[in-house]
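Same order as they appear, the protein sequences are chains A and B.
According to the numbering used here, the first sequence holds residues 39 to 321 in order.
According to the numbering used here, the second sequence holds residues 1014 to 1344 in order.
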Amino acid sequence: MLFAALDGLNYVLVIALVAMGLVVVFGLMNVINMAHGELFLLGAYTLSITEMLGGSFWLGLILAPLLLAVVGLAIEELVVRHVYHRFLDTILATWGLSIAIKQAVVLAFGPQSRTASPPFDFAVEIFGAPYPAYRLFVMAVSVAVIAGTFLLFFRTRFGLTARAVIANRRMASCLGIDTRRLDRLTFAFGAALAGLAGAVMAPLMSVDPQMGLGFLVPAFLAILVGGTGHLAGVLAGSVLVGGTDTVIARLWSPVVAQIVVFTLAIVVIRLFPRGVVGGRERR
Amino acid sequence: MSLKPSTLAAPLVFALLALAPLVLDDWRLGELSQFLAYGILAMSLALIWGQAGLLCFGQAVFFGLGAYAMSLVTLGMVPGLTAVTSTWAGLAAAMAVPAVAANVVGRFLFYGRGLRGAYFGIATLAIAVVVERLFINWGFVGGLNGLMNVPPLDLGLAGWSFELWEPVPLYAAMLAAAALVWLGLEAVVRSPFGSVLRAISGSEERTAAFGYDTAGTKLSAFTLSAAVAGFAGALFSAQFAFVSPPLIGFALSTEALIWVAVGGRGALIAAFLGAILVKSAEARLSEALGASWLLALGLLFVACVVLLPRGVVGEVLAKLDGWWGKGRKDG
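Below, the structure written as structure tokens:
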């Protein structure tokens, strides 16, 4: 029972980690990044390949967000920048990118799944029972990233300008904020978060070209359920989506859990279009 | 309405397609018949996306529901109605089931505060994933294996039977069906109802402020689009003789979005040609290019969305119209 709760918490925190990158980009730029799952995938591959080439886990964990930030910059410059003013087209353009990236990975590394090994695989005793220490590490990373993002957005000068742009883009740009630069940085930051999430999750799952989608849809639903008006909405949404999924998967089966959670999420989004946390309505 | 090249495009396309049996062998013709079903699916998506601005990530759900409904009826698997196995009953079910499904979903999503734009897209994406899961785990419809030996189309009535086995009659029937769907949908697009749809796509608030029932209009369009997609699915399953969960899920839904984006969302005929051109290119190139084909398709899709929002065919039509108009003014 305790382990179920810990595994559930693990899942919630991972969804929150993936969703954090999504909501930063959506909140600030009003761009729905459907390629986020593939950025997650690239992060996992970065770690796996670094390990294959003889690098350590820690090197891969640092490389993944850095590399993905560069990829994010490239995507922003080549694609997303051109469709800012066409909101629905950002979904399509990033969706096309996700297909292309996935297929590029298949071409480069084959469709088979790879592995990544955790830096430590001992277990710690929690109330007299062993629990994998790496899972605790993943939770710690997730909590640290979420806390870091909150600090960045609510305690730094960058966060202040970013929130100014969210509140009123035109006014912010009139006040001399370089919104182009901010857009670039935000997209790179969102991509780096996805890369970090992918890298940290890689040892826990099968690293294959399809791994991105499994997290993308729950993360999106978590954002919409929680509400996009406030970063705290991500946490609430992740708890609702991840928590419900874990409970139902334990009571019935993972398949039932997915069907029920997705359906419930649609109902909640319909009833609370601003999310359960509320906040200012975004288009 | 002045006579413009884009007006002539559709009749020309169907006339050219009617000549296909003269140049294509049986195998290619059979393939093209299936692509016509995809073309009908593309037109159904272009109706709600191109006209009403509803980005639907789950159009294949309706295609798949139609395919399954058709198969269950013609295989005599509907409980209590095992004696009714005619193609006509199958087609009716294949249009009714998706239409009812879309109506129920649409009623929930459009009315009240309603879901708009991206939220609608994500909701339909989640629905597509859920429905695919359901069909994979539903033993009655064969689970992951699907339903096999779906009978071919039979145009017979009241005891007389005319099965479409031969490639040429089958192709002729498919082309006639596609042309009929185009005619019907084009009439909808050009009607006052179509104007309201485009107004909603432009600005839903403004359209509502003019006194139009925007939710009701969207619901009607969504329901009609689902019925047409179901019709396409029924035609496809009867030709393919096999239905399985990939037909109902999210992969085919995305493919349909790509066809429509590449062809052109603004004109039905552009979307229709998009499906046929992309599928034909895939059939020719996927062997030569292997896995690179999907990469190329993804990049082509991105390029179309970013650079050619009207799609390749739509852009050509718009250019032709432009030259035509200029030429007439000069002359």
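The beta-carbon is built from N, C-alpha and C at its ideal position, and this holds for glycine as well.
query: Which residues DSSP lists as bridging Y169 (chain A), in chain order; result: A:V162
query: Proximal residues to G1277 (chain B) (C-beta, below 6 Å), its chain only, five neighbours per side dropped; result: A1283, R1323, G1324, V1326 and G1327
query: Cα-Cα separation between G250 (chain A) and S86 (chain A), rounded to whole angstroms; result: 15 Å
query: Beta-bridge pairing of V203 (chain A) - partner residues as DSSP gives them; result: None; V203 (chain A) has no bridge partner.
query: For M1014 (chain B), three-class secondary structure by DSSP; result: Residue placement at M1014 (chain B) cannot be trusted, given a pLDDT of 47 that sits under 50; what the coordinates show is reported in the next sentence. Correct three-state label for M1014 (chain B): coil.
query: Terminal residues of the alpha helix (DSSP H) in which A257 (chain A) lies; result: M249 to G264
query: Top-ranked residue by Cα proximity to G1043 (chain B), from B:A1254, B:W1306 and B:A1264; result: B:A1254
query: Contact set between R1146 (chain B) and chain A, taken where Cβ atoms lie within less than 7 Å; result: V293, Q296 and I297
query: Contact belief for N71 (chain A) with T132 (chain A) at Cβ below 8 Å, rounded distance in angstroms; result: 5 Å
query: Contact under 8 Å by Cβ, A1106 (chain B) with M1083 (chain B); result: yes
query: One or two residues paired with R152 (chain A) in a DSSP bridge; result: A:V245
query: Where D1039 (chain B) falls: helix, strand or coil (DSSP); result: helix
query: Residue from B:F1244, B:V1154 and B:P1164 whose Cα sits closest to the Cα of A1109 (chain B); result: B:F1244
query: 8 Å Cβ cutoff met for A1073 (chain B) and A1239 (chain B); result: no
query: Burial state of C212 (chain A), where buried means 16 or more other Cβ atoms lie within 10 Å; result: exposed
query: Check whether G233 (chain A) and L106 (chain A) have beta carbons under 8 Å apart; result: yes
query: Cβ pair S276 (chain A), A54 (chain A) closer than 8 Å; result: yes
query: Touch test, the region 1178-1187 of chain B against the region 1292-1300 of chain B, Cβ-Cβ under 8 Å, three pairs minimum; result: no
query: Helix, strand or coil at M209 (chain A) [DSSP, three-state]; result: helix
query: T1227 (chain B) versus L1196 (chain B) - alpha carbon distance; result: 24 Å
query: Run of the alpha helix (DSSP H) containing I53 (chain A), from where it starts to where it stops; result: L40 to M67
query: F1123 (chain B) beta carbon near the ligand NAD (any heavy atom closer than 7 Å); result: For the structure depicted, the ligand NAD is absent and the ligand set is empty, with no information on it obtainable.
query: Minimum Cβ-Cβ distance from I129 (chain A) to chain B less than 8 Å; result: yes
query: Proximity test, Cβ basis, 8 Å: L262 (chain A) and chain D; result: Absence of chain D from the displayed structure is noted, the protein chains being A and B.
query: Whole-angstrom distance between R152 (chain A) and A229 (chain A), CA atom to CA atom; result: 22 Å
query: Local conformation of M1187 (chain B) per DSSP, three classes; result: helix
query: Unbroken alpha helix (DSSP H) run spanning G1243 (chain B), endpoints; result: T1227 to F1253
query: Residue environment, E163 (chain A), which counts as buried when at least 16 other CB atoms sit within 10 Å; result: exposed
query: Cβ of G1311 (chain B) within 8 Å of any chain A Cβ; result: yes
query: Beta carbon of L1128 (chain B) nearer than 8 Å to that of A1141 (chain B); result: no
query: Short-range partners of chain A found in the region 1206-1218 of chain B, where Cβ spacing is below 7 Å; result: none
query: Counterpart residues of V1256 (chain B) in DSSP-defined beta bridges; result: B:L1160
query: Contacting positions in the region 127-151 of chain A - beta carbon closer than 9 Å to chain B; result: D127, T128, I129, L130, A131, T132, W133, G134, L135, S136, I137, A138, I139, K140, Q141, A142, V144, L145 and P149
query: E1179 (chain B), DSSP secondary structure in three states; result: coil
query: Residues that DSSP places opposite D1167 (chain B) in a beta bridge; result: B:E1176
query: Residue closest to L1308 (chain B), alpha-carbon to alpha-carbon, out of A:L104, A:A138 and A:L97; result: A:A138
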